[in-house]
Structure formats: C-alpha cells, structure tokens
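S.K.:
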C-alpha cells in the first residue's frame, strides 16, 4: 500500500520501503515512527520521546536520552556537546535525523560511545573549522558505517583487499553463515531511499565467534552493539583507514541484479583499490 504524505509534511517519509534488506532491521519501530512523521514534526518527536522514556536510553555521559526540535538547540552550542551534557538530541523533520534517531535504539551503546568520544574531543580542542582526524573518523562512522560481522578471516581479508570475486561471487554461500552486514550510518540509510549501484558504505569489520550465526537477530545486534562500542571507546588512534569500502548493492541477497556475476564486472564501482599500491 502506498503511504501518502500530508500536505506540508517534510518530503521523503512516504518513500521508505521497509521490505528492503537495509531497512527491514528497523521496521518494527520505524513503521510506527513513519506514521507519526507523516502527521507532523511534533508527532514524530512525541513518538521518539515515548520510546526513549520507555527504553531508558542514555547518551555519552549517561544523560537520559530525549529528542528536541533543532530550533531548541541554544545558539552557539555544539551538537554533540549538547547531547552529552543534556541528553537532548536536536532533531529536524527529515529523513537524515529520522534515521539518526533510529540508531539510538538499534545500537544504543555504539551511539553513546560515538557521542562520548566526540564530546571529549570538543572539550579538548573546542569547535574549530576542522574536526581533526579522530572526530572525522567518528563522524564517518556515524554517517556512513556498515557493520561487517565475520567469523571467517579469509572473508575479512577479501574485503580489506578489494577481492570482490572471492567475497561476493565465489563465496556467496558464506553470507548469512559466516558473514553478514548491518547498516548503521544514517546518511547512508538516507541515500538508500533511492538506491544506486555506486552507493558505498564504510565497513567496520567485527570479528565474531562462529556461534554468532546460530543466534537470533536481537542477540546478534546486542553482541555487535557491545563489541563495537567497546572498540570505539578503547581505540585511541581512530583513523579512516580502519574502514573498508563496500558497495551496498553488491551484498549477496540485497539486490536482484547482483545474482548475475557480470554485475561485479563494473570496475567503476568494484574497484581494485589499495591492492595496486
């Protein structure tokens, strides 16, 4: 059924297809939020805050999570510092902030860790014209990360080495059995409203035990949330080199056209990358 947007409502909310692999993991809560967003900004904030109250979520400095209108952010206040000190997440009536809010519930520990690291960096360096290397990496994670959960070192090596034929063609049967992906970056999710072949996420590789793939989805997500948040808090020298690019529509089972091996022959998308260096 096509969802209709009310006149004057921010565009895009009706375009979310919850059946797609990148959105379906958030559908249970997302469909409810979507209906609120189609009503008004106030209705969306009320729904988000009701969930935050019920779930007792916390931000980077253990403040109770809440969502406020962007206009309620005090003049001159830094976004991440405000969240850390008050628990209040400034939220606009758009898809970008809708998906950002979703991540506070899908992976609350990761979001809190990102906020803690960002606010700590602001405490030290202030808010300048550039974020610096660590804050840039944290922002890249927040905006564009994929969580690549993998129990097979050979597959992780293939991803790091841009060996697309091994990872996505020869070892297709490994997906769901020895590796899988969760979307995290809210800007990436926004782009996937209208997916295109070159849409690429920054994969954060998570080594998981083999029994991981025997667990239910909720247990897997909780394990990823704990593991990745611990890594983000415990790794001092975060750099963008810690990610591996992964074209989202190339993930086996995520796009009908990638059933044909020829899909991966497009060198403008599935690039040789650092293997040539």
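Numbering (the numbering used here), first residue to last: 816 to 1092. The C-beta atom is built at its ideal place from N, Cα and C for all residues, glycine as well.
Buried or exposed: which applies to residue 1097, given that a residue is buried once 16 or more other Cβ atoms fall within 10 Å of its Cβ?
M.R.: As shown, the chain starts at 816 and ends at 1092. That puts residue 1097 outside it, with no answer to give.
S.K.: In terms of residues, what are the limits of the beta strand (DSSP E) holding residue 1005?
M.R.: One-based indexing of the chain shown puts residue 1005 at position 190. Segment 1001-1006 is the alpha helix (DSSP H) holding residue 1005; no beta strand (DSSP E) there.
S.K.: Look up residue 1086 in the DSSP assignment and say whether it is helix, strand or coil.
M.R.: Numbered from its first residue, the chain shown carries residue 1086 at position 271. If DSSP states are grouped into helix, strand and coil, residue 1086 belongs with coil.
S.K.: In whole angstroms, give me the CA-to-CA distance for residue 908 and residue 1035.
M.R.: Numbered from 1 along the chain shown, position 93 holds the residue referred to as residue 908. Numbered from 1 along the chain shown, position 220 holds the residue referred to as residue 1035. Looking at the two C-alpha atoms, the distance is approximately 31 Å.
S.K.: Tell me the residue span of the alpha helix (DSSP H) that contains residue 883.
M.R.: Counting from 1 along the chain shown, the entry for residue 883 is found at position 68. No alpha helix (DSSP H) holds residue 883; the beta strand (DSSP E) holding it covers 881-884.
S.K.: Pick helix, strand or coil for residue 898, following the three-state DSSP scheme.
M.R.: On the chain shown, residue 898 is found 83 positions in, with the first residue counted as 1. Correct three-state label for residue 898: helix.
S.K.: Check residue 1052 in the structure and name its three-state DSSP category.
M.R.: Against the chain shown, residue 1052 aligns to sequence position 237. Note: residue 1052 maps to coil in three-state DSSP.
S.K.: On the three-state DSSP scale, how would you describe residue 816?
M.R.: Along the chain shown, read from residue 1 onward, the residue named residue 816 stands at position 1. Its pLDDT being 31, under 50, residue 816 is placed unreliably by the model, and the measurement read from it follows with that caveat. Note: residue 816 maps to coil in three-state DSSP.
S.K.: Between the alpha carbons of residue 919 and residue 845, how many angstroms are there, rounded?
M.R.: Residue 919 sits at position 104 when you count from the first residue of the chain shown. Residue 845 sits at position 30 when you count from the first residue of the chain shown. Rounded to the nearest angstrom, the two C-alpha atoms are 12 Å apart.
S.K.: Going by C-alpha to C-alpha distance, which of 975, 878, 1071, 968 sits closest to residue 836?
M.R.: If you number the chain shown from 1, residue 836 lands on position 21. Residue 1071 is the option with its Cα nearest to residue 836.
S.K.: When the Cα atoms are used, what is the spatial distance from residue 847 to residue 995?
M.R.: Within the chain shown, numbered from 1, the residue matching residue 847 stands at position 32. Within the chain shown, numbered from 1, the residue matching residue 995 stands at position 180. About 26 Å.
S.K.: Would residue 1019 and residue 929 qualify as a contact pair, given that the criterion is a beta-carbon distance under 8 Å?
M.R.: Taking the first residue of the chain shown as 1, we reach residue 1019 at position 204. Taking the first residue of the chain shown as 1, we reach residue 929 at position 114. For residue 1019 and residue 929, no; Cβs fall outside 8 Å.
S.K.: Say whether the region 871-878 touches the region 847-857, bearing in mind that this needs 3 or more beta-carbon pairs closer than 8 Å, one atom from each stretch.
M.R.: As far as the Cβ criterion goes, the region 871-878 does not touch the region 847-857, which means the pair count is below three.
S.K.: If you reduce the DSSP assignment to three classes, tell me which class residue 848 lands in.
M.R.: Walking along the chain shown from the start, residue 848 turns up at place 33. Residue state, collapsed to three classes: helix.
S.K.: Cβ atoms of residue 1073 and residue 1017: under 8 Å apart, would you say?
M.R.: Here residue 1017 refers to the residue found at position 202 when the chain shown is read from its first residue. Here residue 1073 refers to the residue found at position 258 when the chain shown is read from its first residue. No, Cβ-Cβ distance for residue 1017 and residue 1073 is not below 8 Å.
S.K.: Is it buried or exposed, residue 871, if we count other Cβ atoms within 10 angstroms and call 16 or more buried?
M.R.: By one-based count along the chain shown, residue 871 stands at place 56. Under this definition residue 871 is an exposed residue.
S.K.: Quick check: what's the CA-CA separation for residue 910 versus residue 1013?
M.R.: As a first step, residue 910 must be located in the chain shown, where it is residue number 95. As a first step, residue 1013 must be located in the chain shown, where it is residue number 198. Their Cα atoms are separated by approximately 20 Å.
S.K.: Assign residue 835 to one of three DSSP states: helix, strand, or coil.
M.R.: As a first step, residue 835 must be located in the chain shown, where it is residue number 20. Residue 835 falls in the coil class under three-state DSSP.
S.K.: Closest to residue 938 by C-alpha separation, out of 900, 926, 905, would be which residue?
M.R.: Counting from one through the chain shown, the residue named residue 938 turns up at place 123. Ranking 900, 926, 905 by Cα distance to residue 938 puts 900 first.
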